[in-house]
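Okay, so here's the structure we're looking at.
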Ligand SMILES: Nc1ncnc2c1ncn2[C@@H]1O[C@H](COP(=O)(O)OP(=O)(O)OP(=O)(O)O)[C@@H](O)[C@H]1O
Ligand SMILES: [Mg+2]
């Protein structure tokens, strides 16, 4: 599945990114197959959100290429980048709904800005998208009146308003109760099949991701540690992989942030 | 080597300040370049003029009235010693139109509207609303910044005019109503001694300049805020302080050049 040029929508080659000299991503290669759900997993702070922003063209890479549907994102001029973004949806970690607009107007926003559809058509489209996420009845609420899970579903409806070819989910499950997680999982799968979307899910929720992803990339320390189907990764021999998948507190990935010797430091504190 | 440390710290602070000024200027240019996008969004502008301008009316009117009344009292006490209390109209109007109107309005505006703009934009950044907009192929500069910038820019001169007008009325109530200055003299002195081309126009130019500066600082600080709750609160404070310094400094320069 991995590597065939024609069936991957997103191709990342030799991608490196730094923030103030700090290496976040180093020489990353990724292929996101069309029409499939691909997960990007990894511990907190390894640059998963950063990777999505790089794919979306919001950050310029230090090195490497990011090709989406044949277009090299970092090389695109702003108008071309904006054209491409109309075909991409992104679900932010926090939902990022516009706090001054109702649920309905949030979903209508991309339609109003990018199309010249008459009002009754916009209404129908918005209601359809809200129906798809089960929140047609909540259309008059303001974002502040929604629960976290509802906000994410509204954001999802907004992300699919323009019928994109791909959608990127940043941590869609974090901080949700089990029922909401189930709903969101089902939605991601449904949208992927019914709309023929290509989905990229960034997450560290091993179980959920294994259940719905077709392919998984695991990133840590700025590199792709392993990639494969959920079953293949589950059988991985690497100690690090097993620690990550089983959620053990200590192992090859240390519990402690790098620090000087504990006893020495305590004694130093006495002197000061 | 304490002095070396503080020298280093001083250097760092200076570098940061210069870098921020650079970002501020680049930001200003990109706002100017995006100005033509306003044609498509007059309803956005109207909405912003309402929340930036109309909602500031109350504090501007109350302050204008009270400053005008105090000017009437103080001016009368000073002028009456020279038997020149008939010139009260002129004195009140000149101080308001030339100085107090534009300057006090700009300071009040920074506290009432500028800080709110910064906080609003900063919070949109914290909650990733600006990023979400970019990912929806909508330029936040055009959609969020330009309408707010232009609304502030238009509102401030109008608010300054209202401040001065109400101030003059306040001076009139106190002077003619309470202290017995002849009301005909109050208005005719004002009419003959306050020149439109000299005083009113220059005061207006001042308020336009303050409007540009106050609007620029407010939207830039919001856009440039560190995207955390603490970052936004600091940006809000900076808006008020920086606008105050900029307005007071520019007022001195403009006054020296104009009058
Ligand atoms: N604006 C920024 N300025 C400086 N450093 C940043 C910035 N944003 C992120 N970083 C750093 O880049 C690294 C990667 O951040 P990123 O948000 O991509 O991690 P993540 O994998 O999405 O983590 P999480 O799972 O917690 O969301 C982090 O260590 C963070 O400290
Ligand atoms: Mg993240």
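Residue numbers (the numbering used here), protein chains in the order written: chain A, 141 to 412; chain B, 61 to 319.
Glycine included, C-beta positions come from ideal geometry on N, C-alpha and C.
Keep in mind the model is a prediction, meaning the values are calculated, not measured.
Assuming contact is defined by CB atoms lying nearer than 8 Å, are residue i and residue j in contact in what I supplied?
i, j, result
"residue 229 of chain A", "residue 297 of chain A", "no"
"residue 306 of chain B", "residue 277 of chain B", "yes"
"residue 191 of chain A", "residue 165 of chain A", "yes"
"residue 362 of chain A", "residue 189 of chain A", "no"
"residue 216 of chain B", "residue 304 of chain B", "no"
"residue 173 of chain B", "residue 130 of chain B", "no"
"residue 262 of chain A", "residue 278 of chain A", "no"
"residue 301 of chain A", "residue 237 of chain A", "no"
"residue 345 of chain A", "residue 384 of chain A", "no"
"residue 163 of chain B", "residue 311 of chain B", "yes"
"residue 167 of chain A", "residue 154 of chain A", "yes"
"residue 197 of chain B", "residue 269 of chain A", "no"
"residue 288 of chain A", "residue 315 of chain A", "yes"
"residue 301 of chain B", "residue 148 of chain B", "no"
"residue 212 of chain B", "residue 143 of chain B", "no"
"residue 327 of chain A", "residue 273 of chain A", "yes"
"residue 209 of chain B", "residue 279 of chain B", "yes"
"residue 126 of chain B", "residue 230 of chain B", "yes"
"residue 206 of chain A", "residue 219 of chain A", "no"
"residue 339 of chain A", "residue 359 of chain A", "no"
Strictly below 9 Å CB to CB, what residues from chain B border residue i?
i, result
"residue 230 of chain A", "191, 192, 195, 196"
"residue 287 of chain A", "Near residue 287 of chain A there are no residues of chain B at all, since even the closest Cβ is about 16 Å away, more than 9 Å."
"residue 226 of chain A", "196, 197"
"residue 355 of chain A", "In chain order: nothing, as chain B lies at least about 23 Å away."
Check the DSSP bridge columns for residue i and list the partner residues they point to.
i, result
"residue 357 of chain A", "A:180, A:367"
"residue 428 of chain A", "No information on residue 428 of chain A is available, as it lies outside the stretch 141 to 412 that chain A covers here."
"residue 203 of chain A", "A:156"
"residue 415 of chain A", "Residue 415 of chain A cannot be examined here, being either before or after the span of chain A that is shown, 141 to 412."
"residue 306 of chain A", "A:228, A:338"
"residue 211 of chain A", "A:208"
"residue 148 of chain A", "A:173"
"residue 163 of chain A", "A:158"
"residue 343 of chain A", "A:181"
Just confirm the distance between the C-beta atoms of residue i and residue j, as a whole number of angstroms; I'd bet it's less than 8 Å.
i, j, result
"residue 353 of chain A", "residue 179 of chain A", "4 Å"
"residue 133 of chain B", "residue 234 of chain B", "6 Å"
"residue 200 of chain B", "residue 101 of chain B", "Their Cβ separation, rounded to whole angstroms, is 13 Å, which puts residue 200 of chain B and residue 101 of chain B out of contact at 8 Å."
"residue 373 of chain A", "residue 356 of chain A", "6 Å"
"residue 145 of chain B", "residue 154 of chain B", "Residue 145 of chain B to residue 154 of chain B, Cβ: 15 Å. No contact."
"residue 181 of chain A", "residue 343 of chain A", "6 Å"
"residue 157 of chain B", "residue 260 of chain B", "6 Å"
"residue 214 of chain B", "residue 109 of chain B", "6 Å"
"residue 177 of chain A", "residue 332 of chain A", "5 Å"
"residue 173 of chain A", "residue 239 of chain A", "Not a contact, Cβ separation roughly 36 Å."
Run down chain A in chain order and give the residues with a C-beta less than 7 Å from the C-beta of residue i.
i, result
"residue 188 of chain B", "232, 234, 236"
Quick one: which chain B residues come within Cβ less than 7 Å of residue i?
i, result
"residue 196 of chain A", "195"
"residue 159 of chain A", "Per Cβ cutoff of 7 Å: no residues; residue 159 of chain A is ~14 Å from chain B at best."
"residue 250 of chain A", "196"
"residue 253 of chain A", "198"
"residue 222 of chain A", "197"
Note down, in chain order, each residue of its chain lying with its Cβ closer than 8 Å to the Cβ of residue i, except the 5 sequence neighbours on either side.
i, result
"residue 161 of chain B", "124, 220, 221, 223, 224, 227, 263, 267"
"residue 288 of chain B", "186"
"residue 121 of chain B", "222, 223, 226"
"residue 145 of chain A", "Residue placement at residue 145 of chain A is poorly supported in this model, since its pLDDT is 48, which falls under 50; the coordinates are not used for a value here."
"residue 275 of chain A", "243, 290, 293, 294, 297"
"residue 387 of chain A", "346"
"residue 76 of chain B", "none"
Using a Cβ-Cβ cutoff of less than 6 Å, which residues in the same chain neighbour residue i once the five nearest sequence positions on both sides are dropped?
i, result
"residue 281 of chain B", "178, 295, 298, 299"
"residue 142 of chain A", "Bear in mind that a pLDDT of 44 at residue 142 of chain A, under 50, signals an unreliable position, so the model cannot answer this."
"residue 309 of chain A", "231, 341"
"residue 90 of chain B", "201"
"residue 236 of chain B", "243, 246"
"residue 250 of chain A", "301, 302"
"residue 291 of chain B", "285"
"residue 119 of chain B", "168, 172"
"residue 175 of chain B", "296, 299, 300"
So, at 7 Å on beta carbons, what are the nonlocal neighbours of residue i in its own chain, with the 5 sequence-adjacent residues on each side left out?
i, result
"residue 216 of chain A", "197, 224"
"residue 202 of chain A", "156, 157, 158"
"residue 253 of chain B", "150"
"residue 325 of chain A", "348, 351, 352"
What does residue i touch in chain B if you count any residue whose Cβ is under 8 Å from its own?
i, result
"residue 148 of chain A", "Ordered by position in chain B, no residue passes the 8 Å Cβ test against residue 148 of chain A, which lies about 21 Å from the chain."
"residue 184 of chain A", "Residues of chain B passing the Cβ test: none, with the nearest at roughly 17 Å."
"residue 239 of chain A", "183, 184, 187, 189"
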